[in-house]
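Reviewing the structure listed below.
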(Lines of atoms letter the chains of each structure in order from A; the text may use other names.)
(Lines give C-alpha, C1' and ligand atoms only; values in the text may rest on other atoms or scores of the structure.)
Protein backbone atom coordinates (compact mmCIF):
# COMPACT_ATOMS: atom_id res chain seq x y z
CA UNK A 23 0.00 0.00 0.00
CA UNK A 24 3.05 2.25 0.26
CA UNK A 25 6.28 2.11 -1.66
CA UNK A 26 8.38 -0.03 0.66
CA UNK A 27 10.78 -2.46 -0.94
CA UNK A 28 10.82 -6.13 0.00
CA UNK A 29 14.58 -5.97 -0.54
CA UNK A 30 15.74 -2.72 0.96
CA UNK A 31 19.42 -1.78 0.51
CA UNK A 32 22.03 -1.57 1.87
CA UNK A 33 23.18 -5.17 2.39
CA UNK A 34 25.22 -6.74 5.16
CA UNK A 35 26.52 -10.26 5.80
CA UNK A 36 22.98 -11.53 6.37
CA UNK A 37 21.65 -10.15 3.08
CA UNK A 38 19.34 -7.24 2.27
CA UNK A 39 18.06 -5.28 5.28
CA UNK A 40 14.51 -6.34 4.45
CA UNK A 41 11.11 -4.68 4.33
CA UNK A 42 11.18 -0.94 5.05
CA UNK A 43 8.16 0.12 7.14
CA UNK A 44 7.50 3.87 7.31
CA UNK A 45 4.56 6.11 7.97
CA UNK A 46 3.04 8.37 5.33
CA UNK A 47 5.11 11.38 4.29
CA UNK A 48 5.05 14.23 1.79
CA UNK A 49 8.01 15.86 0.05
CA UNK A 50 7.07 19.54 -0.23
CA UNK A 51 10.09 20.38 -2.41
CA UNK A 52 9.08 20.28 -6.06
CA UNK A 53 11.52 19.27 -8.82
CA UNK A 54 13.65 17.50 -6.24
CA UNK A 55 16.22 16.50 -8.89
CA UNK A 56 16.08 19.54 -11.20
CA UNK A 57 17.77 22.57 -9.67
CA UNK A 58 16.90 25.03 -12.42
CA UNK A 59 13.16 24.27 -12.51
CA UNK A 60 11.27 25.43 -9.45
CA UNK A 61 14.58 26.58 -7.94
CA UNK A 62 16.50 29.82 -8.15
CA UNK A 63 20.22 30.30 -7.69
CA UNK A 64 22.68 32.98 -6.64
CA UNK A 65 26.26 33.30 -7.93
CA UNK A 66 25.87 29.85 -9.48
CA UNK A 67 25.64 28.04 -12.80
CA UNK A 68 24.16 24.66 -11.89
CA UNK A 69 25.15 21.88 -14.31
CA UNK A 70 22.66 19.08 -14.93
CA UNK A 71 23.48 15.37 -15.32
CA UNK A 72 27.03 16.00 -14.21
CA UNK A 73 27.66 12.88 -12.08
CA UNK A 74 26.20 9.58 -10.94
CA UNK A 75 23.56 10.16 -8.26
CA UNK A 76 22.98 7.93 -5.22
CA UNK A 77 20.28 6.03 -7.14
CA UNK A 78 22.79 5.00 -9.83
CA UNK A 79 21.51 7.35 -12.55
CA UNK A 80 23.52 10.19 -14.07
CA UNK A 81 21.21 12.86 -12.69
CA UNK A 82 23.34 14.57 -10.04
CA UNK A 83 23.96 18.29 -10.41
CA UNK A 84 27.15 20.24 -10.05
CA UNK A 85 26.50 23.35 -7.96
CA UNK A 86 29.36 25.57 -9.14
CA UNK A 87 30.02 29.29 -8.90
CA UNK A 88 29.29 31.39 -11.96
CA UNK A 89 32.89 32.48 -12.55
CA UNK A 90 32.36 36.13 -11.75
CA UNK A 91 35.11 37.94 -9.90
CA UNK A 92 35.27 38.39 -6.15
CA UNK A 93 33.52 36.27 -3.56
CA UNK A 94 29.95 35.45 -2.62
CA UNK A 95 27.46 32.79 -1.52
CA UNK A 96 26.80 30.03 -4.08
CA UNK A 97 23.35 28.57 -3.54
CA UNK A 98 20.22 27.00 -4.99
CA UNK A 99 16.99 27.78 -3.19
CA UNK A 100 13.26 27.13 -3.30
CA UNK A 101 10.39 29.01 -1.67
CA UNK A 102 8.44 26.56 0.49
CA UNK A 103 5.54 27.14 2.88
CA UNK A 104 5.53 24.90 5.95
CA UNK A 105 2.90 24.25 8.61
CA UNK A 106 2.85 26.54 11.63
CA UNK A 107 4.36 25.05 14.77
CA UNK A 108 5.16 21.74 13.06
CA UNK A 109 8.75 20.53 13.08
CA UNK A 110 9.98 20.40 9.49
CA UNK A 111 13.00 18.48 8.22
CA UNK A 112 15.08 19.61 5.24
CA UNK A 113 17.47 17.16 3.58
CA UNK A 114 19.75 17.12 0.53
CA UNK A 115 22.09 14.55 -0.95
CA UNK A 116 25.53 16.22 -1.24
CA UNK A 117 29.00 15.09 -2.32
CA UNK A 118 32.41 16.82 -2.58
CA UNK A 119 33.60 18.27 -5.86
CA UNK A 120 36.14 21.09 -6.02
CA UNK A 121 35.25 21.92 -2.41
CA UNK A 122 34.34 19.55 0.41
CA UNK A 123 31.95 21.57 2.58
CA UNK A 124 28.27 22.26 2.07
CA UNK A 125 25.44 23.71 4.08
CA UNK A 126 21.68 23.90 4.54
CA UNK A 127 20.17 27.32 5.15
CA UNK A 128 16.61 28.37 5.91
CA UNK A 129 15.59 32.00 5.45
CA UNK A 130 12.43 34.11 5.51
CA UNK A 131 10.74 32.15 8.28
CA UNK A 132 10.38 33.58 11.79
CA UNK A 133 13.38 33.72 14.12
CA UNK A 134 13.00 30.07 15.11
CA UNK A 135 13.25 29.00 11.47
CA UNK A 136 16.17 31.05 10.12
CA UNK A 137 19.69 29.65 10.36
CA UNK A 138 22.55 27.84 8.62
CA UNK A 139 24.21 24.49 9.36
CA UNK A 140 27.47 23.20 7.85
CA UNK A 141 28.56 19.71 6.82
CA UNK A 142 32.03 18.30 6.08
CA UNK A 143 31.35 16.12 3.03
CA UNK A 144 34.85 14.62 3.01
CA UNK A 145 35.00 13.39 6.60
CA UNK A 146 31.21 13.04 6.70
CA UNK A 147 30.79 15.05 9.88
CA UNK A 148 28.37 17.73 11.01
CA UNK A 149 30.03 21.11 11.40
CA UNK A 150 28.59 24.18 13.09
CA UNK A 151 24.86 23.77 13.72
CA UNK A 152 22.70 26.87 13.59
CA UNK A 153 21.16 27.68 16.97
CA UNK A 154 17.67 27.62 15.41
CA UNK A 155 18.27 24.29 13.69
CA UNK A 156 17.85 20.94 15.43
CA UNK A 157 18.59 17.27 14.75
CA UNK A 158 21.42 17.98 12.28
CA UNK A 159 22.56 14.70 10.72
CA UNK A 160 24.87 13.43 8.02
CA UNK A 161 24.40 9.89 6.73
CA UNK A 162 27.22 8.33 4.75
CA UNK A 163 26.23 6.84 1.39
CA UNK A 164 28.32 5.00 -1.23
CA UNK A 165 30.54 6.75 -3.79
CA UNK A 166 31.28 9.79 -1.65
CA UNK A 167 27.67 10.86 -1.18
CA UNK A 168 26.05 11.94 2.07
CA UNK A 169 22.49 12.73 2.99
CA UNK A 170 22.49 15.81 5.21
CA UNK A 171 19.53 17.15 7.16
CA UNK A 172 18.29 19.68 9.71
CA UNK A 173 14.94 20.38 11.29
CA UNK A 174 13.25 23.60 12.41
CA UNK A 175 9.86 24.87 13.53
CA UNK A 176 8.33 28.17 12.44
CA UNK A 177 5.11 29.59 13.87
CA UNK A 178 4.38 33.15 12.72
CA UNK A 179 6.16 33.31 9.34
CA UNK A 180 5.71 29.98 7.57
CA UNK A 181 6.69 31.08 4.04
CA UNK A 182 10.42 31.13 3.43
CA UNK A 183 13.29 29.65 1.45
CA UNK A 184 15.23 26.41 1.75
CA UNK A 185 18.80 26.52 0.45
CA UNK A 186 21.72 24.24 -0.29
CA UNK A 187 25.06 25.98 -0.62
CA UNK A 188 28.79 25.60 -1.22
CA UNK A 189 31.30 26.29 1.57
CA UNK A 190 35.09 26.26 1.68
CA UNK A 191 35.27 25.49 5.41
CA UNK A 192 33.11 25.33 8.51
CA UNK A 193 31.27 28.67 8.71
CA UNK A 194 32.76 29.50 5.31
CA UNK A 195 29.79 30.18 3.05
CA UNK A 196 31.54 33.07 1.23
CA UNK A 197 33.61 31.41 -1.50
CA UNK A 198 35.69 32.43 -4.53
CA UNK A 199 33.66 33.18 -7.67
CA UNK A 200 36.22 31.98 -10.21
CA UNK A 201 34.91 28.58 -11.31
CA UNK A 202 36.68 26.68 -8.52
CA UNK A 203 33.90 26.50 -5.93
CA UNK A 204 31.58 23.53 -6.35
CA UNK A 205 29.91 20.53 -4.72
CA UNK A 206 27.45 17.93 -6.08
CA UNK A 207 23.76 18.04 -5.15
CA UNK A 208 20.77 15.77 -5.70
CA UNK A 209 17.52 14.69 -4.09
CA UNK A 210 16.08 17.58 -2.09
CA UNK A 211 13.35 16.84 0.45
CA UNK A 212 11.28 19.00 2.81
CA UNK A 213 8.82 17.16 5.04
CA UNK A 214 6.95 17.37 8.30
CA UNK A 215 8.72 15.56 11.11
CA UNK A 216 11.86 15.62 13.21
CA UNK A 217 14.01 13.44 10.93
CA UNK A 218 14.39 12.57 7.23
CA UNK A 219 12.33 9.65 6.00
CA UNK A 220 13.25 7.73 2.86
CA UNK A 221 13.64 9.90 -0.21
CA UNK A 222 10.52 10.76 -2.24
CA UNK A 223 11.27 12.05 -5.75
CA UNK A 224 9.08 14.91 -7.03
CA UNK A 225 8.47 16.70 -10.32
CA UNK A 226 6.00 19.57 -10.79
CA UNK A 227 4.14 19.00 -7.52
CA UNK A 228 4.64 17.68 -4.01
CA UNK A 229 4.45 13.90 -3.72
CA UNK A 230 3.05 11.85 -0.84
CA UNK A 231 4.26 8.40 0.15
CA UNK A 232 1.50 6.18 1.57
CA UNK A 233 2.00 4.51 4.92
CA UNK A 234 3.57 1.07 4.54
CA UNK A 235 1.10 -1.71 5.43
CA UNK A 236 2.13 -5.36 5.07
CA UNK A 237 -0.39 -7.92 6.29
CA UNK A 238 -1.38 -11.59 5.97
CA UNK A 239 -3.94 -13.97 7.49
CA UNK A 240 -2.61 -15.51 10.71
CA UNK A 241 -4.39 -18.86 10.36
CA UNK A 242 -2.00 -21.70 11.10
CA UNK A 243 0.38 -19.79 13.35
CA UNK A 244 -1.92 -18.00 15.79
CA UNK A 245 -2.01 -20.40 18.72
CA UNK A 246 0.15 -20.82 21.82
CA UNK A 247 2.79 -21.65 22.89
CA UNK A 248 4.55 -19.46 20.33
CA UNK A 249 7.92 -17.91 19.49
CA UNK A 250 8.24 -14.83 17.26
CA UNK A 251 11.49 -13.38 15.95
CA UNK A 252 12.73 -10.75 13.50
CA UNK A 253 15.82 -8.80 12.56
CA UNK A 254 15.20 -5.05 12.84
CA UNK A 255 17.41 -2.24 11.49
CA UNK A 256 16.03 1.17 12.50
CA UNK A 257 16.80 4.07 10.19
CA UNK A 258 15.71 6.42 12.97
CA UNK A 259 14.89 5.95 16.64
CA UNK A 260 11.36 7.30 16.95
CA UNK A 261 9.84 8.12 20.31
CA UNK A 262 6.70 6.27 21.33
CA UNK A 263 5.58 2.84 20.14
CA UNK A 264 7.06 1.17 17.07
CA UNK A 265 5.61 -2.15 15.89
CA UNK A 266 7.83 -4.77 14.24
CA UNK A 267 5.67 -7.93 14.24
CA UNK A 268 2.06 -8.07 15.45
CA UNK A 269 -0.70 -10.66 15.68
CA UNK A 270 -4.13 -9.23 16.46
CA UNK A 271 -7.82 -9.30 15.61
CA UNK A 272 -8.21 -5.83 14.12
CA UNK A 273 -8.75 -4.09 17.47
CA UNK A 274 -6.58 -3.03 20.40
CA UNK A 275 -6.80 -6.42 22.15
CA UNK A 276 -6.16 -9.30 21.89
CA UNK A 277 -2.62 -8.92 20.59
CA UNK A 278 0.89 -10.33 20.59
CA UNK A 279 3.64 -7.92 19.52
CA UNK A 280 7.36 -7.50 19.09
CA UNK A 281 7.77 -3.74 19.32
CA UNK A 282 9.85 -0.96 20.81
CA UNK A 283 9.08 1.79 23.27
CA UNK A 284 11.30 4.80 22.53
CA UNK A 285 13.94 2.51 21.05
CA UNK A 286 13.79 -0.17 23.79
CA UNK A 287 12.67 -3.61 22.49
CA UNK A 288 9.47 -4.95 24.09
CA UNK A 289 7.38 -8.14 24.11
CA UNK A 290 3.70 -7.39 24.68
CA UNK A 291 0.84 -9.89 24.99
CA UNK A 292 -2.79 -8.98 25.75
CA UNK A 293 -5.57 -11.56 26.19
CA UNK A 294 -9.08 -11.38 24.75
CA UNK A 295 -10.45 -9.42 27.70
CA UNK A 296 -7.84 -6.65 27.54
CA UNK A 297 -4.93 -5.58 29.70
CA UNK A 298 -1.29 -6.55 29.26
CA UNK A 299 -0.68 -10.02 30.64
CA UNK A 300 2.94 -9.96 29.39
CA UNK A 301 4.95 -6.76 29.17
CA UNK A 302 8.72 -7.25 29.10
CA UNK A 303 11.15 -4.46 28.25
CA UNK A 304 14.75 -5.08 27.25
CA UNK A 305 17.60 -3.76 29.33
CA UNK A 306 19.23 -2.01 26.35
CA UNK A 307 18.19 0.27 23.50
CA UNK A 308 18.44 -0.24 19.77
CA UNK A 309 20.94 1.76 17.69
CA UNK A 310 20.02 3.50 14.44
CA UNK A 311 21.64 1.75 11.48
CA UNK A 312 22.44 -1.39 13.48
CA UNK A 313 20.51 -4.64 13.09
CA UNK A 314 19.06 -6.08 16.29
CA UNK A 315 17.66 -9.61 16.52
CA UNK A 316 14.49 -9.50 18.63
CA UNK A 317 12.53 -12.57 19.74
CA UNK A 318 9.66 -13.29 22.08
CA UNK A 319 8.85 -16.74 23.44
CA UNK A 320 5.36 -17.02 24.92
CA UNK A 321 3.63 -19.68 27.01
CA UNK A 322 1.41 -19.70 30.08
CA UNK A 323 4.33 -20.54 32.37
CA UNK A 324 7.37 -18.95 30.67
CA UNK A 325 7.40 -15.83 28.50
CA UNK A 326 10.73 -14.16 27.68
CA UNK A 327 12.12 -11.39 25.52
CA UNK A 328 15.42 -12.00 23.73
CA UNK A 329 17.78 -9.43 22.21
CA UNK A 330 20.54 -10.66 19.90
CA UNK A 331 19.98 -14.22 21.09
CA UNK A 332 20.15 -13.52 24.82
CA UNK A 333 17.36 -13.17 27.40
CA UNK A 334 16.67 -9.54 28.29
CA UNK A 335 14.32 -8.22 30.94
CA UNK A 336 12.35 -10.29 33.43
CA UNK A 337 10.71 -13.64 32.66
CA UNK A 338 6.92 -13.80 33.04
CA UNK A 339 5.86 -17.11 34.63
CA UNK A 340 2.07 -16.70 34.66
CA UNK A 341 0.27 -15.38 31.60
CA UNK A 342 -3.27 -15.39 30.27
CA UNK A 343 -2.95 -15.74 26.52
CA UNK A 344 -5.19 -14.59 23.65
CA UNK A 345 -7.30 -17.10 21.74
CA UNK A 346 -8.50 -15.11 18.71
CA UNK A 347 -5.61 -13.73 16.68
CA UNK A 348 -6.58 -13.50 13.02
CA UNK A 349 -4.11 -11.15 11.33
CA UNK A 350 -0.34 -10.87 10.98
CA UNK A 351 1.00 -7.32 10.53
CA UNK A 352 4.61 -6.47 9.73
CA UNK A 353 5.76 -2.98 10.68
CA UNK A 354 2.50 -1.42 11.80
CA UNK A 355 -0.41 -1.54 14.25
CA UNK A 356 -4.07 -2.55 13.80
CA UNK A 357 -5.03 1.13 13.28
CA UNK A 358 -2.45 1.50 10.45
CA UNK A 359 -0.05 3.50 12.64
CA UNK A 360 3.15 2.97 14.65
CA UNK A 361 5.43 2.32 11.67
CA UNK A 362 8.96 2.02 13.07
CA UNK A 363 10.96 3.68 10.24
CA UNK A 364 12.99 0.49 10.20
CA UNK A 365 13.83 -2.42 7.92
CA UNK A 366 12.46 -5.76 9.07
CA UNK A 367 13.67 -9.15 7.86
CA UNK A 368 13.81 -12.85 8.75
CA UNK A 369 10.39 -12.84 10.41
CA UNK A 370 9.74 -16.26 11.96
CA UNK A 371 6.83 -17.62 13.99
CA UNK A 372 7.10 -21.04 15.65
CA UNK A 373 4.22 -23.01 17.14
CA UNK A 374 6.20 -23.81 20.28
CA UNK A 375 8.04 -22.07 23.06
CA UNK A 376 11.66 -22.42 21.90
CA UNK A 377 14.38 -22.96 24.47
CA UNK A 378 17.02 -20.33 25.17
CA UNK A 379 19.51 -22.32 23.10
CA UNK A 380 17.09 -22.61 20.17
CA UNK A 381 16.40 -18.85 20.22
CA UNK A 382 20.13 -18.18 20.20
CA UNK A 383 20.39 -20.22 16.99
CA UNK A 384 17.69 -18.30 15.10
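Numbering (the working numbering), first residue to last: 23 to 384.
Ideal Cβ placement from N, Cα and C applies to all residues, glycine included.
Here the structure is a predicted model, which is why all the values come from computation and not from measurement.
Using the rule of at least 16 other Cβ atoms within 10 Å of the residue's Cβ for burial, across every protein chain shown, is residue i buried or exposed?
i	result
residue 36	exposed
residue 348	exposed
residue 285	buried
residue 377	exposed
residue 65	buried
residue 124	buried
residue 278	buried
residue 270	buried
residue 273	exposed
If you draw a straight line from the C-alpha of residue i to the C-alpha of residue j, how long is it?
i	j	result
residue 162	residue 321	43 Å
residue 381	residue 254	16 Å
residue 339	residue 46	39 Å
residue 175	residue 134	6 Å
residue 52	residue 62	12 Å
residue 369	residue 165	31 Å
residue 69	residue 258	33 Å
residue 57	residue 152	24 Å
residue 186	residue 88	16 Å
residue 291	residue 379	23 Å
residue 246	residue 43	27 Å
residue 117	residue 360	33 Å
residue 263	residue 81	38 Å
residue 59	residue 160	26 Å
residue 76	residue 218	16 Å
residue 55	residue 223	7 Å
Would you mind working out which of the options sits nearest residue i, comparing C-alpha positions?
i	options	result
residue 336	237, 344, 188, 325	325
residue 333	353, 341, 287	287
residue 105	177, 134, 164, 69	177
residue 109	156, 165, 306	156
residue 306	327, 123, 290	327
residue 315	357, 383, 293, 276	383
residue 202	99, 67, 372, 358	67
residue 119	227, 73, 330	73
residue 345	365, 75, 244	244
residue 150	189, 60, 94, 205	189
residue 1	265, 242, 107, 310	With the chain covering 23 to 384 only, the question about residue 1 has no answer from this structure.
residue 312	96, 199, 363	363
residue 341	356, 300, 374	300
residue 331	85, 129, 252, 272	252
With a CB to CB cut of under 6 Å and the five nearest residues on each side skipped, what residues in its chain are close to residue i?
i	result
residue 215	111
residue 303	286, 288, 335
residue 248	320
residue 250	267, 280, 318, 371
residue 365	30, 39, 40, 42, 255
residue 115	76, 167, 169, 208, 209
Excluding sequence positions up to five away, which residues of its chain have a Cβ less than 7 Å from the Cβ of residue i?
i	result
residue 221	209, 211
residue 93	196, 197, 198, 199
residue 191	123
Once the 5 residues before and after residue i are set aside, which same chain residues still bring their CB inside 8 Å of it?
i	result
residue 294	275, 276, 344, 345, 346
If contact is defined by three or more beta carbon pairs under 8 Å, each pair taking one atom from either stretch, is the stretch 162-173 in contact with the stretch 39-57?
no
May I ask you to verify whether the stretch 135-146 touches the stretch 183-198, counting CB pairs closer than 8 Å and requiring at least 3?
yes
With three or more C-beta pairs closer than 8 Å as the rule, is the stretch 144-151 touching the stretch 220-236?
no
Evaluate contact between the stretch 235-247 and the stretch 345-365, counting only Cβ atoms and requiring at least three cross-stretch pairs below 8 Å.
yes
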